[in-house]
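Reviewing the structure listed below.
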Amino acid sequence: MKKTNLKKTIFLAMLTAIGVAIGFVENSIPLPIPLPGARLGLSNIVILTTLVYVGKKEGLVVALLKSLLLMLVTGHVSSFFYSFTGGLLASLAMIGALALLKGASLIGISLIGSAFHNLGQVLVASLMVQNIRIFYYLPLLLVLGVFTGAFVGYASGLLIEHLEKILPKESIR
Amino acid sequence: MGKTDRRVLAIILVLAGLVALVFYLPRSEEQASTYLSIQVDGEEVDRIDLVEENIGLVYEVPSDLGENTIRITEEGATMVHASCPDQHCIHMAPISQEGETIICLPHRLVLEVKGAGDDQGLDHMVR
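As they're listed, the protein sequences go chains A and B. Quick note on the working numbering: the first sequence kicks off at 1 and runs consecutively. Quick note on the working numbering: the second sequence kicks off at 1001 and runs consecutively.
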């Protein structure tokens, strides 16, 4: 049986839990958009940190688990479909950006994540109500997303900086 | 912010601008004659003209998926009652401009303001 890294499992679990907690609090922030369940995406801090600090697979799993758990915790099933797709697209986009855009800082990567997160949300919402007019809200979401994305990138940077001091990367590989 | 970051930002903003252009384009017909399209599961089930005579009108959406009550006010159409757990739709500001929507996702209900010249199913007409 393959040896599992307990420290890594615990660390990932904590990150996921933090992500769910942030997502839960985010739910009480109203958005000026009639997209029930559209969220700011602050919990991307957790995804980005996992991607950079642990690995791609783990980042993706954290993103998807977070969205699943958030649905279980809040009971909002409809927003689950958006956040799941948004999280999936955002994670894939960030993984791609980390690999391809060498010159980008965490802020740039996070902006990409946020943009794809919003794109995913709008795509799924428009499919669910069968109305392409939902895209009317994408520009606003994208612009708002720039602000939250920049913040997420900056916060992730700080988080990683501090993590490097207390949790060596080798111990969670 | 490094150079690449700035480029990413620029691309995102350009994209936002493009989508805005596509969806915010005002129609060539007069804006005054708009109506509220009430859609359940992607199908329009009814329309309410957004005209003065209809101010104060209260409308119950006929749907098996849940209860939703719409009210037409001076500011537009709003959702005054819904039986869904989220209650997101209730807190939306009244809609009156073409393209604006109020959505009750659990009930798969979309309230959309459309212009008088709209054909059903077409979102954009090029003349």
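Heads up, the beta-carbon is just placed ideally off N, CA and C, and yes, glycines get one too.
Contacting positions in the stretch 136-148 of chain A - beta carbon closer than 7 Å to chain B: Tyr-136, Leu-138, Pro-139, Leu-142, Val-143 and Val-146
Taking only beta-carbon positions, decide if A:Asn-44 is within less than 8 Å of chain B. no
Along chain A, in chain order, which residues have C-beta atoms closer than 8 Å to that of B:Thr-1101? Pro-34, Asn-131, Arg-133, Ile-134 and Tyr-136
List the residues of chain B whose Cβ lies closer than 7 Å to the Cβ of A:Leu-98, in chain order. None at all; the shortest Cβ gap to chain B is about 12 Å.
Buried/exposed call for B:Ala-1093, threshold 16 Cβ in 10 Å: exposed
Taking the alpha carbon of A:Ile-160 as the reference point, which residue from A:Leu-142, A:Met-128 and A:Leu-51 has its own alpha carbon closest? A:Leu-51
Is DSSP giving A:Asn-5 helix, strand or coil here? coil
Using alpha carbons as the reference points, say which of B:Gly-1056, B:Tyr-1035 and B:Gln-1039 lies closest to B:Asp-1049. B:Tyr-1035
Nearest residue (CA-CA) to A:Phe-81, options A:Gln-121, A:Leu-48, A:Leu-40 and A:Gly-145: A:Gln-121
Mind listing the chain A neighbours of B:Gln-1039? Cutoff is C-beta to C-beta under 9 Å, in chain order. Val-129, Gln-130 and Asn-131
Hey, would you say A:Ser-156 sits closer than 8 Å to A:Leu-119, going by beta carbons? no
Three-state secondary structure (DSSP) of B:Met-1092: coil
Please classify B:Met-1079 as buried or exposed, where buried requires at least 16 other C-beta atoms within 10 Å of its C-beta. buried
Quick one: which residues of the stretch 1044-1068 of chain B get their C-beta closer than 9 Å to a C-beta of chain A? List them in chain order. none
Got a sec: is the Cβ-Cβ distance from B:Gly-1115 to anything in chain A below 8 Å? no
Distance, B:His-1088 Cα to A:Leu-48 Cα: 29 Å
DSSP three-state assignment for B:Val-1051, whether helix, strand or coil: coil
Identify, in the order they occur along the chain, each residue of the same chain with its Cβ nearer than 6 Å to the Cβ of B:Glu-1030, setting aside the five sequence neighbours on each side. Here the model assigns B:Glu-1030 a pLDDT of 45, short of 50, so the residue's position is not dependable, and the following value carries that caveat. For B:Glu-1030, where only same-chain residues beyond five positions count, there are no Cβ hits under 6 Å.
Burial state of A:Thr-16 (16 or more Cβ within 10 Å): buried
What did DSSP end up calling A:Gln-121 once you bin it into helix, strand or coil? helix
With a CB to CB cut of under 8 Å and the five nearest residues on each side skipped, what residues in its chain are close to B:Gly-1066? Ala-1082, Ser-1083, Cys-1084, Cys-1104, Pro-1106, His-1107 and Leu-1109
DSSP three-state assignment for B:Ile-1070, whether helix, strand or coil: strand
Give the DSSP bridge partners of B:Glu-1044, in chain order. B:Gln-1039
Report yes or no: is there a C-beta of chain B within less than 8 Å of the C-beta of A:Gly-86? no
CB contact flag (A:Leu-111, A:Ala-63, <8 Å): no
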